[in-house]
């Protein structure tokens, strides 16, 4: 069910999403998702990555769920884009660690894509052959969880 949100509340939720961690940020993400504010998808994606960087996997999943709740092609493209953006072998995070935050991004994106459901399948199938093997593995996991077959990249 889509909830309405007046401009003042929208501004408040966007500020909370960007400047707070924990439940304030999660509550803002949930509210934006329920209100189906498609223009919030980039901010939600940024918050997802920020939570992953701070090792808040559960909060990153909340942001992915909010993106999924908004739904549509933009939501699918955003989550798939995040899978492709982070190659776990080639990246080093802000703390000098290799790949830990990117694993959390992948985990959250798979969670969100599964929440979207079967509509995400056409966007996931091409990733199975992608050169980013971690994106391919994440796509295979999502497809398997969606009941779309036993795929191995």
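Residue numbers (the working numbering): 38 to 190. Idealized CB from N, CA, C, for every residue including glycine.
Contact under 8 Å by Cβ, residue i with residue j
| i | j | result |
| --- | --- | --- |
| residue 84 | residue 120 | no |
| residue 72 | residue 55 | no |
| residue 145 | residue 97 | yes |
| residue 175 | residue 151 | no |
| residue 158 | residue 114 | no |
| residue 179 | residue 161 | yes |
| residue 65 | residue 141 | no |
| residue 169 | residue 124 | yes |
Reference residue i; option with closest CA among the options
| i | options | result |
| --- | --- | --- |
| residue 95 | 68, 60, 78 and 76 | 60 |
| residue 78 | 166, 185, 149 and 161 | 149 |
| residue 100 | 179, 164 and 143 | 143 |
| residue 111 | 82, 180 and 169 | 82 |
| residue 75 | 91, 41 and 90 | 41 |
| residue 154 | 139, 116 and 123 | 116 |
| residue 137 | 91, 122 and 177 | 91 |
| residue 69 | 86, 87, 177 and 43 | 43 |
| residue 139 | 167, 93 and 109 | 93 |
Residue i, DSSP secondary structure in three states
| i | result |
| --- | --- |
| residue 88 | helix |
| residue 143 | helix |
| residue 72 | coil |
| residue 108 | coil |
| residue 41 | coil |
| residue 185 | coil |
| residue 59 | coil |
| residue 167 | coil |
| residue 64 | helix |
| residue 154 | coil |
| residue 137 | helix |
Environment of residue i [buried if 16+ CB atoms lie within 10 Å]
| i | result |
| --- | --- |
| residue 182 | exposed |
| residue 177 | buried |
### Message
Quick check: the region 105-118 against the region 45-60, are at least 3 beta-carbon pairs closer than 8 Å?
### Response
no
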